[in-house]
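**Student:**
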Amino acid sequence: MADLLFEIGAEEIPAGFVPLAVKQLEEDLRKLLAEARLTTGEVKAMGTPRRLVVWARGLGARQADARTEALGPSVAAAFDGQGQPTAAALGFARSQGVEVAALERVETPKGLRLGVTRVEKGRPAAQVLPALLSRLLSGLRFKKAMRSRWDEVTFARPIRWIAALHGGKAIKVQHGEVRSGLVTYGHRFLSPRAIRLTGTPEDYLQKLGKAHVVVDPVARKAAIEAALAAAARRGGGVPRADPELVEQVTYLVEHPSAVLGEFERSNLALPPEVVVTEMRNHQRYFAVVDGQGKLTNRFVAISGTPVKDPRVARNGYQRVLRARLADARFFFEEDRKRTLESRVEALGRRTYQARLGSELQRVERIGAMAAWLAGVLGKEALRGDLALAARLCKADLGTGMVGEFPELQGIMGGHYARLEGLAPEVADAIEDHYRPIGAGEELPRGDLGALIGLSDRLHQLVGIIGVGEKATGGADPFGLRRAAIGILRLILGRGYHLSLRAAVEATLDGLDGVKLAGERKQVIGQVLEFIRGRLKAMWAEEFAVDLVDAVLAAGSDDVVDARQRLEALALVRQREDFVPLAVAFKRVANIQEKAPAGGAGLEAARLIEPAELALLAELERVEREAAALRSRREYPAILRAVATLKPAIDAFFDGVMVMAEDPALRANRLALMRRVAALFADIADFRKIQAELPPGAGQAKGQR
Numbered sequence: 267m268a269d270l271l272f273e274i275g276a277e278e279i280p281a282g283f284v285p286l287a288v289k290q291l292e293e294d295l296r297k298l299l300a301e302a303r304l305t306t307g308e309v310k311a312m313g314t315p316r317r318l319v320v321w322a323r324g325l326g327a328r329q330a331d332a333r334t335e336a337l338g339p340s341v342a343a344a345f346d347g348q349g350q351p352t353a354a355a356l357g358f359a360r361s362q363g364v365e366v367a368a369l370e371r372v373e374t375p376k377g378l379r380l381g382v383t384r385v386e387k388g389r390p391a392a393q394v395l396p397a398l399l400s401r402l403l404s405g406l407r408f409k410k411a412m413r414s415r416w417d418e419v420t421f422a423r424p425i426r427w428i429a430a431l432h433g434g435k436a437i438k439v440q441h442g443e444v445r446s447g448l449v450t451y452g453h454r455f456l457s458p459r460a461i462r463l464t465g466t467p468e469d470y471l472q473k474l475g476k477a478h479v480v481v482d483p484v485a486r487k488a489a490i491e492a493a494l495a496a497a498a499r500r501g502g503g504v505p506r507a508d509p510e511l512v513e514q515v516t517y518l519v520e521h522p523s524a525v526l527g528e529f530e531r532s533n534l535a536l537p538p539e540v541v542v543t544e545m546r547n548h549q550r551y552f553a554v555v556d557g558q559g560k561l562t563n564r565f566v567a568i569s570g571t572p573v574k575d576p577r578v579a580r581n582g583y584q585r586v587l588r589a590r591l592a593d594a595r596f597f598f599e600e601d602r603k604r605t606l607e608s609r610v611e612a613l614g615r616r617t618y619q620a621r622l623g624s625e626l627q628r629v630e631r632i633g634a635m636a637a638w639l640a641g642v643l644g645k646e647a648l649r650g651d652l653a654l655a656a657r658l659c660k661a662d663l664g665t666g667m668v669g670e671f672p673e674l675q676g677i678m679g680g681h682y683a684r685l686e687g688l689a690p691e692v693a694d695a696i697e698d699h700y701r702p703i704g705a706g707e708e709l710p711r712g713d714l715g716a717l718i719g720l721s722d723r724l725h726q727l728v729g730i731i732g733v734g735e736k737a738t739g740g741a742d743p744f745g746l747r748r749a750a751i752g753i754l755r756l757i758l759g760r761g762y763h764l765s766l767r768a769a770v771e772a773t774l775d776g777l778d779g780v781k782l783a784g785e786r787k788q789v790i791g792q793v794l795e796f797i798r799g800r801l802k803a804m805w806a807e808e809f810a811v812d813l814v815d816a817v818l819a820a821g822s823d824d825v826v827d828a829r830q831r832l833e834a835l836a837l838v839r840q841r842e843d844f845v846p847l848a849v850a851f852k853r854v855a856n857i858q859e860k861a862p863a864g865g866a867g868l869e870a871a872r873l874i875e876p877a878e879l880a881l882l883a884e885l886e887r888v889e890r891e892a893a894a895l896r897s898r899r900e901y902p903a904i905l906r907a908v909a910t911l912k913p914a915i916d917a918f919f920d921g922v923m924v925m926a927e928d929p930a931l932r933a934n935r936l937a938l939m940r941r942v943a944a945l946f947a948d949i950a951d952f953r954k955i956q957a958e959l960p961p962g963a964g965q966a967k968g969q970r
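Quick note: the sequence shown, position 362, residue 628 per my numbering, numbers continuous.
1. Hey, how far is the Cα of A871 from the Cα of R711?
2. Under DSSP, the alpha helix (DSSP H) around R621 begins and ends at which residues?
3. Bridge partners for R379 per DSSP, in chain order?
4. Alpha carbon to alpha carbon, what distance is there between A637 and L286?
5. Would you mind reading off the limits of the beta strand (DSSP E) that contains I428?
6. Secondary structure at A689, three-state DSSP: helix, strand or coil?
7. Please specify which runs of the beta strand (DSSP E), each continuous and at least 3 residues long, are wholly inside the stretch 527-583, giving them in chain order.
8. Check whether the stretch 813-821 touches the stretch 943-956, counting contact only when three or more Cβ pairs, one atom from each stretch, lie closer than 8 Å.
9. Excluding the five sequence neighbours on either side, which residues of its own chain have a C-beta within less than 6 Å of the C-beta of S589, listed in chain order?
10. Counting Cβ pairs closer than 8 Å, one from the stretch 507-527 and one from the stretch 322-341, do we hit at least three?
11. Given F455, which residues of its chain have a CB within under 8 Å of its CB, disregarding the five upstream and five downstream residues?
12. Output the distance between the C-alpha atoms of L652 and T605, rounded to the nearest integer angstrom.
13. What are the complete beta strand (DSSP E) segments, minimum 3 residues, inside the stretch 417-492?
14. Grab me the residues of R831's own chain with a C-beta within less than 8 Å of its C-beta, minus the 5 sequence neighbours each way, in chain order.
15. My parser needs the alpha helix (DSSP H) runs of 4 or more residues fully inside the stretch 824-892; what are they?
16. Expressed to the nearest angstrom, what Euclidean distance is found between the alpha-carbon atoms of A783 and V733?
17. Can you list, in chain order, the residues of its chain whose CB lies under 6 Å from that of G433, leaving out five sequence neighbours each side?
18. Within a Cβ cutoff of 7 Å, which residues of the same chain sit near L643, ignoring the five residues on either side of it in sequence?
19. I need the DSSP call for K310, collapsed to helix, strand or coil.
20. By the DSSP assignment, the alpha helix (DSSP H) with L398 in it spans what residues?
21. According to DSSP, is R970 part of a helix, a strand, or is it coil?
22. Do the stretch 352-369 and the stretch 404-412 make contact, defined as three or more Cβ pairs closer than 8 Å?
23. Tell me, please, which residues DSSP counts as bridged to P505.
24. May I ask which residues mark the beginning and end of the alpha helix (DSSP H) holding E293?
25. Could you check the C-alpha separation between I757 and L403 for me, to the nearest Å?
26. To the nearest whole angstrom, what separates the beta carbons of L663 and L613, a pair I think is in contact under 8 Å?
27. Give me the residue from A914, T464, I461, V519 with the minimum Cα distance to R486.
28. Touch check for the stretch 275-285 and the stretch 335-342: three-plus C-beta pairs under 8 Å?
29. Find the nearest neighbour of L622 within the set E607, K574, F744, P522, judged by alpha-carbon distance.
30. Excluding five sequence neighbours on each side, which residues of the same chain lie with their C-beta closer than 8 Å to the C-beta of D824?
31. Have a look at P522 and S569 and give me their C-alpha separation to the nearest angstrom.
32. If I measure Cβ to Cβ from P511 and keep anything under 8 Å in the same chain, skipping five residues before and after, which residues do I get?
33. Nearest-angstrom Cα distance between Y618 and L724?
34. Let me know the secondary structure DSSP gives L777 once reduced to three states.
35. What is the DSSP secondary structure of Q965, counted as helix, strand or coil?
36. Do the CB positions of E365 and R317 come within less than 7 Å of each other?
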């Protein structure tokens with residue numbers, strides 16, 4: 267056994283491409299080795315901007331033998347009464363390239379059959395690996411790929427070298443004009459000469475470490491975080507927490523070093539988001555904050571090449587940032603010369619979506635929908651501030667600052683509103699209505715921002731789906747998934763007991779004049795199903811999928827209510843007797859479905875068996891108890907109360923024939939089952955829950 271080492275050296279690969287390529291490289295090599303019948307120990311991949319590497323420890327010296335068996339006709343059909351081979355036997359032997367005498371008799375579940383067993387001897391790993399590594403390299407996929415000047419093959423960036431070794435010996439691999447060898451290269455500037463490898467991961471990592479390359483992303487990230495902390499400490503602060511930027515910078519450098527810089531204090535008069543955005547998004551600088559989290563006039567840049575004179579690097583970083591902040595200050599001062607209100611009418615000249623009209627029409631619809639939501643949610647006292655915040659919520663789209671930094675939309679609107687002297691709640695709502703942007707993003711601070719944000723996303727989702735657009739596969743150009751998740755997080759986060767169907771219908775009412783791509787009923791169904799799909803995916807990350815399915819099947823129109831039911835069901839599942847309890851409820855749900863729709867109600871006088879009389883008595887007790895609990899949505903207590911019916915339900919199924927021959931008796935017993943099912947039917951559909959009793963346990967008489 268020996269180690270396999272495979273490195274692909276290239277021009278600087280975009281930072282976002284490297285982690286995905288590393289993951290794919292590791293998974294694909296493990297898969298290809300398994301398919302090639304080569305045993306291996308640890309398979310590990312790493313990467314930097316200039317190299318992707320993967321190794322397999324303890325790779326087998328040769329393939330395992332492959333044993334295959336082909337089955338033919340039955341022995342009875344293969345030979346006649348005199349024991350001579352029939353056409354079936356001759357044809358099978360011919361298809362396998364052997365004589366009839368070489369055919370074996372194989373015992374199978376279908377009887378004795380003819381068969382042929384072949385053993386393919388495994389080849390040495392050195393013969394298998396060249397083609398395997400070529401497949402591995404050519405199989406790597408990137409969002410965008412380049413073709414170098416002379417090559418027909420593509421890669422994320424042009425490949426400059428390939429190192430391929432097994433047991434220290436070269437493996438021949440070619441990609442375009444580049445042929446593999448035994449050498450790698452260190453840091454582009456600090457150690458550019460060729461480095462001969464022995465083929466072990468330890469040798470590889472050690473030699474590149476000496477050549478100023480930290481190959482391991484985990485170690486590189488730790489070095490970056492340590493350098494950031496040390497540099498910020500020299501500047502009298504700490505780095506502003508930014509895990510995403512740390513992750514990005516990790517794949518921008520091979521040998522990280524930190525440079526502490528500063529900018530003019532006067533720029534702290536700008537909104538802090540502007541300063542941070544300038545540093546973070548455009549320059550990949552890290553902001554430095556003081557002990558209270560307040561922005562300072564210091565920053566830290568991570569360089570991939572240490573310089574002899576740090577002052578030269580610092581001056582360069584500062585000069586670039588100085589120019590960017592000067593532009594930001596200009597936009598900020600120019601924007602303040604006009605009010606947000608003066609910018610609203612100009613939204614009529616900005617197209618939101620070709621078939622949905624302008625940004626001004628969008629704002630007007632958002633305002634109308636927000637007013638509707640305030641009414642149905644009992645927030646009428648907010649109507650005045652809500653109308654103003656909704657009217658101004660998109661006004662900053664026409665500002666120079668948002669034109670330069672689109673990611674600051676809403677944030678700048680909030681700042682400008684405060685500077686104009688508008689009510690703090692209105693300014694917060696303008697800023698907050700874009701929240702949450704991502705799955706972990708903070709929610710709006712109050713109802714104003716939440717109601718406007720909910721209206722905005724409903725308009726987006728209903729409008730875009732209504733005109734015939736959709737999210738398909740990985741493509742979602744209109745952000746429909748993000749809008750649906752935002753709707754759900756806002757409703758759940760604020761605890762709004764809101765009918766989704768009513769909200770979608772009200773949003774459609776506001777699209778008066780917009781030509782829909784389908785019938786109104788069809789659009790409503792598509793939107794609700796889309797939201798339901800996102801809801802199921804969200805909750806499946808926290809709860810068992812069958813519980814989620816059971817709750818959603820019972821209704822998801824009120825998302826907050828559905829969440830409360832799901833949490834209650836998850837609690838009940840922790841009971842030791844949950845499986846038999848769920849099975850009993852499934853029996854009830856299944857059998858009550860046989861009752862005719864709109865059938866007669868239960869007639870207590872027709873109940874004759876002791877078990878059904880006892881079940882009715884218990885049922886009436888639980889119904890009274892559950893009615894008070896249901897008005898307060900105390901679902902755990904409701905399920906506990908309903909669970910007390912199990913002994914009576916079991917006795918009923920054991921002693922009563924529900925599907926009796928007498929039609930009147932059968933209908934009455936089905937009506938009793940319908941009453942029992944009604945206790946939990948609006949909480950969860952127990953038929954969706956995976957719960958089965960052991961074979962032979964509790965066959966119910968009433969189900970026969």
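Cβ coordinates follow ideal geometry from the N, Cα and C atoms, glycine included. The structure displayed is predicted, hence computed values, not measured ones.
**Tutor:** Walking through what the data contain:
1. 59 Å
2. Per DSSP, R621 belongs to no alpha helix (DSSP H) and is neither H nor E.
3. As a beta-bridge residue in DSSP terms, R379 pairs with S340, V372.
4. 45 Å
5. 425-432
6. In this structure, A689 counts as coil in the three-state DSSP scheme.
7. 551-555, 561-569
8. yes
9. According to the sequence displayed, residue 589 carries Ala and not Ser. Once the five neighbours on either side are set aside, A589 has no close Cβ partner at all.
10. No, because fewer than three Cβ pairs between the stretch 507-527 and the stretch 322-341 fall closer than 8 Å, the two stretches do not touch.
11. T571
12. 18 Å
13. 425-432, 444-447, 449-451, 460-462
14. V817, A820, Y901, I949, A950
15. 825-839, 844-858
16. 5 Å
17. A268
18. Cβ neighbours of L643 beyond the five flanking positions: Y762, L764.
19. strand
20. 391-404
21. The predicted position of R970 is uncertain, since its pLDDT is 41 and thus under 50; no value can be drawn from it.
22. no
23. V554
24. 284-301
25. Between I757 and L403, the C-alpha separation is close to 47 Å.
26. 7 Å
27. V519
28. no
29. F744
30. H763, L764, S765, L766
31. Cα to Cα, P522 sits roughly 6 Å from S569.
32. In the sequence under discussion, the amino acid at residue 511 is Leu, which differs from the Pro named in the question. Once the five neighbours on either side are set aside, the close Cβ partners of L511 are R546, R550, F552.
33. 15 Å
34. coil
35. Reliability fails at Q965, whose pLDDT of 45 lies under 50, so the model's placement of it is uncertain and no value is given.
36. no
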